[in-house]
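Q: Submitted below is the structure of interest, expressed as structure tokens.
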Amino acid sequence: MSDADQPRSLPQALLLKAVRRLLRPLVRLLMRNGITFPVLADQLRTLYVDVATSDILTYPKTRTDSRISLATGVHRKEIRRLREQAADSDAEPQVVTIASQIIARWAGSAPFLDASGNPRPLPRIADPTDPTSASFESLIASVTTDIRPRAVLDDWTSQGIVTLDAAGLVRLNTAAFLPKIGGEEQLFFFARNLHDHVAASAANIAATDTAPFLDRTLHYDGLTPDAARQLEAFARDAAMKALLEANQLALRLVAEEGNATDTPSAPMRRVNFGVYVYSDDDAPLPGEAEP
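Set out below in structure tokens:
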């Protein structure tokens, strides 16, 4: 029996109510950027067919147009058309990979940290008398030799990720890890992080025993604006501290145990540890009053 033949365990009305709330900010974002319902509907139709083919109908013999149509509600004629289309690539853009690796190394590798474990200011180039000393140039070279350090410095300076102090040292702005607004990097992380959060929550809801993933929040309402600002500021600092510590541990584990990509036979795993802080006016959404 395939997964598609299993009885549904979640009340559909409650699930749809939850999904409606989940989609509300996404629909608002789409509308503000000129993406209308027919465009989204076409994307959803394609996604339903893709999920049915790759995730639901796990046995190849069950992946007929008729079975996919039954599972998705999409007409068989549309299914044939959609299955002939080339799938979009979910590969991580190179610019995202390189920038993430550089910042991760600066924020977590011993040569680039100060005595307190924070990213330390770096000279632009290594000390001529000590070529092994840490510098911004050596930081970039430790990750890639395909991009000139000056190009990275100019780009990051314009984005506010780094600053040059009076002594000419390059300082990492730990509050400016966010990529360029509206750029390829930001949209990549937007999709990946929300996907992983939803995937973790969905796995927990579907679990028959212990929830497999951590998914917890601290929620307070009825706060004064000043109390909300203080709580948000504390949460931001605590979150950044946790992320930096987890990054340092990850780099140590890779250095000690090696990366799984170096051993082709080893199983490949990834971990995404994310945090978020959100604040809004204390009012229910239209049509979704609190019970």
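Sequential numbering of the sequence shown, starting at 1145, is according to the numbering used here. Cβ atoms here follow ideal geometry from the backbone N, Cα and C, with glycine treated the same way.
Count the other C-beta atoms from every protein chain shown that fall within 10 angstroms of the C-beta of L1154, then say buried if there are 16 or more, exposed otherwise.
A: L1154 is exposed by the Cβ-count criterion.
Q: Does the Cβ-Cβ distance between A1295 and S1282 come in under 8 Å?
A: In this structure, S1282 does not lie closer than 8 Å to A1295 by Cβ.
Q: Quick one: is S1450 buried, meaning 16 or more other Cβ sit within 10 Å of its Cβ, or exposed?
A: The requested residue 1450 does not occur in the structure, where the chain is confined to residues 1145 to 1435.
Q: Where do the ends of the alpha helix (DSSP H) carrying V1287 lie?
A: That residue, V1287, is in no alpha helix (DSSP H); it is neither H nor E in DSSP.
Q: Less than 8 Å separating the beta-carbons of L1313 and P1267?
A: It is a contact, given that the beta carbons lie within the stated cut-off.
Q: If you count every other CB in all the chains shown that lies within 10 Å of the CB of T1180, and 16 or more means buried, which is it?
A: Burial call: exposed.
Q: How many Å lie between V1306 and L1316 at the Cα?
A: Taking the straight line joining both Cα atoms gives about 5 Å.
Q: By DSSP, does L1362 sit in helix, in strand, or in coil?
A: In this structure, L1362 counts as coil in the three-state DSSP scheme.
Q: Taking the C-alpha atoms as reference points, what is the distance between L1257 and A1251?
A: C-alpha separation (whole angstroms): 7 Å.
Q: Rounded to a whole number of angstroms, what is the C-alpha to C-alpha distance between L1158 and L1308?
A: Spanning the two alpha carbons is a distance of roughly 53 Å.
Q: Measure the C-alpha to C-alpha separation of V1421 and I1242 and round it to an integer number of angstroms.
A: Near 26 Å, if we compare the C-alpha coordinates of I1242 and V1421.
Q: Buried or exposed: where does S1423 fall if 16 or more other Cβ atoms within 10 Å of its Cβ makes it buried?
A: S1423 comes out exposed.
Q: If we count Cβ pairs, one from each stretch, closer than 8 Å, do we get three or more for the segment 1208-1226 versus the segment 1186-1193?
A: They touch, by the three-pair rule.
Q: Counting C-beta neighbours from all protein chains within 10 Å, is the total for A1278 16 or more, i.e. buried, or is it exposed?
A: That one is buried.
Q: Express the C-alpha separation of T1206 and M1384 in angstroms, rounding to a whole number.
A: Whole-angstrom Cα-Cα distance: 47 Å.
Q: For R1225, tell me which candidate among P1204, D1186, A1259, T1202 has the shortest Cα-Cα distance.
A: Cα-wise, what sits closest to R1225 is D1186.
Q: How big is the Cα-Cα spacing for L1166 and A1259?
A: About 43 Å.
Q: Can you tell me where the alpha helix (DSSP H) with V1438 in it begins and where it stops?
A: Since the first residue shown for the chain is 1145 and the last is 1435, residue 1438 is missing from the structure and cannot be characterised.
Q: When you compare only the Cα positions, how much space is there between E1228 and S1210?
A: For E1228 and S1210, the distance between alpha carbons rounds to 16 Å.
Q: On the premise that T1318 lies in contact with P1265, defined as a C-beta separation below 8 Å, what is that separation, rounded to the nearest angstrom?
A: Their Cβ separation, rounded to whole angstroms, is 12 Å, which puts P1265 and T1318 out of contact at 8 Å.
Q: Could you compute how far the alpha carbon of E1400 sits from the alpha carbon of Q1392?
A: Each residue's Cα considered, the two are about 12 Å apart.
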